[in-house]
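In mature numbering (1 follows the signal peptide of the UniProt record, and there is no 0), the protein residues as written are -27 to -1, 1 to 246.
Every residue, glycine too, gets a C-beta built ideally from N, C-alpha and C.
None of the values given here were measured: they were computed from a predicted structure.
In what follows, a structure is listed as structure tokens, so that the remarks can point back to it.
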């Protein structure tokens, strides 16, 4: 069977376009920045093919094309601009623009709660994936952490996302985002007053009043075993949370088993009788 030259040429062209097409993923919506390295391939015109670096002024140059703006454009947008320029040299140019290397896809992690790091994102990623790669977050105050983008906070309080599996709160990170992870200044819960073993307990997520009381041992003989008080400071304001200890310990009233926060003081008061 004889295959015409025109069909062969068409098949080769289609195959080449498939091979040159950008890989699926983030490439289509990636915004080019200064320092990024691009590959420009013009089908059938080897002398126009080139690998270029986006200059500090945001522009690139290549054979047949002088100074064209690249920074701030996506790959498809730049491709469209290049096609218009090259069309003045050859008829109906077929070209592909691909990303070779990036320096514009960095995410910065700062704050006293973790070791400062710079992440190069070869592909788009999410906040949760970056948090999971940081190692121990025991020193970080996730409730006060936030993502900073373009002069404003776009997401605050990572506690529910990281510790409670509230995945609907996860966000996709953008190049240039800064993740601020402050240190957790008070990492303890304190059990004081009329107990046999007053102590500081390292706070862990999910710690409750009952957990803390069991770690501190029994009440002293002078304690008012019917009720204790949790003293909590929020935004500089003190709050007193009463807990009916007798109902918790002897009646199993779990409503009294308050979830603790780092910095809480559990005060067992002395009885007057």
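Measure the alpha-carbon distance for residue i versus residue j and round it to whole angstroms.
i	j	result
residue 240	residue 45	58 Å
residue 14	residue 60	14 Å
residue 191	residue 112	30 Å
residue 152	residue 63	47 Å
residue 50	residue 30	18 Å
residue 162	residue 73	51 Å
residue 193	residue 214	21 Å
residue 181	residue 98	34 Å
residue 199	residue 216	9 Å
residue 127	residue 146	10 Å
residue 133	residue 94	24 Å
residue 89	residue 82	5 Å
residue 237	residue 91	34 Å
residue 71	residue 207	51 Å
residue 224	residue 230	12 Å
residue 122	residue 16	39 Å
residue 19	residue 137	55 Å
residue 116	residue 21	54 Å
residue 218	residue 202	9 Å
residue 54	residue 75	20 Å
residue 56	residue 80	32 Å
residue 235	residue 168	20 Å
residue 114	residue 120	14 Å
Is residue i near the ligand GDP, in the sense that its beta carbon is under 7 Å from a heavy atom of that ligand?
i	result
residue 93	With respect to the ligand GDP, the structure offers nothing, as it holds no ligand at all.
With residue i as the anchor, note down where its alpha helix (DSSP H) starts and where it stops.
i	result
residue 50	48 to 59
residue 135	132 to 136
In the DSSP assignment, find the unbroken beta strand (DSSP E) run with residue i in it and report its ends.
i	result
residue 25	23 to 26
residue 32	32 to 35
residue 125	125 to 129
residue 5	Looking at the DSSP string, residue 5 is not in any beta strand (DSSP E), and its letter there is neither H nor E.
residue 153	151 to 153
residue 39	38 to 42
residue 120	119 to 122
Short check: CB of residue i to CB of residue j, under 8 Å?
i	j	result
residue 135	residue 175	no
residue 159	residue 101	no
residue 48	residue 25	no
residue 148	residue 78	yes
residue 87	residue 154	yes
residue 41	residue 58	yes
residue 38	residue 9	no
residue 233	residue 185	yes
residue 124	residue 242	no
residue 244	residue 197	yes
residue 43	residue 67	no
residue 211	residue 204	yes
Here's the rule: buried if 16 or more other CB atoms are within 10 angstroms of the residue's CB, otherwise exposed. What is residue i?
i	result
residue 189	buried
residue -4	Unreliable positioning characterises residue -4 in this predicted model, as indicated by a pLDDT of 38, which lies under 50. The coordinate reading is nonetheless provided below. The residue is exposed, with fewer than 16 neighbouring Cβ atoms inside 10 Å.
residue 140	exposed
residue 177	exposed
residue 118	buried
residue 195	exposed
residue 173	exposed
residue 157	buried
residue 187	exposed
residue 69	buried
residue 227	exposed
residue 108	exposed
residue 150	buried
residue 65	exposed
residue 84	buried
| request: For the segment 65 to 104, list the alpha helix (DSSP H) runs that are entirely contained and at least 4 residues long, ordered along the chain. | output: Listed in chain order, there is nothing to give.
| task | Would you list, in sequence order, the uninterrupted beta strand (DSSP E) runs of no fewer than 3 residues that lie entirely inside the segment 160 to 243? | result | DSSP runs (the beta strand (DSSP E)) wholly in the segment 160 to 243: 161 to 166, 172 to 175, 196 to 207, 210 to 216, 238 to 243.
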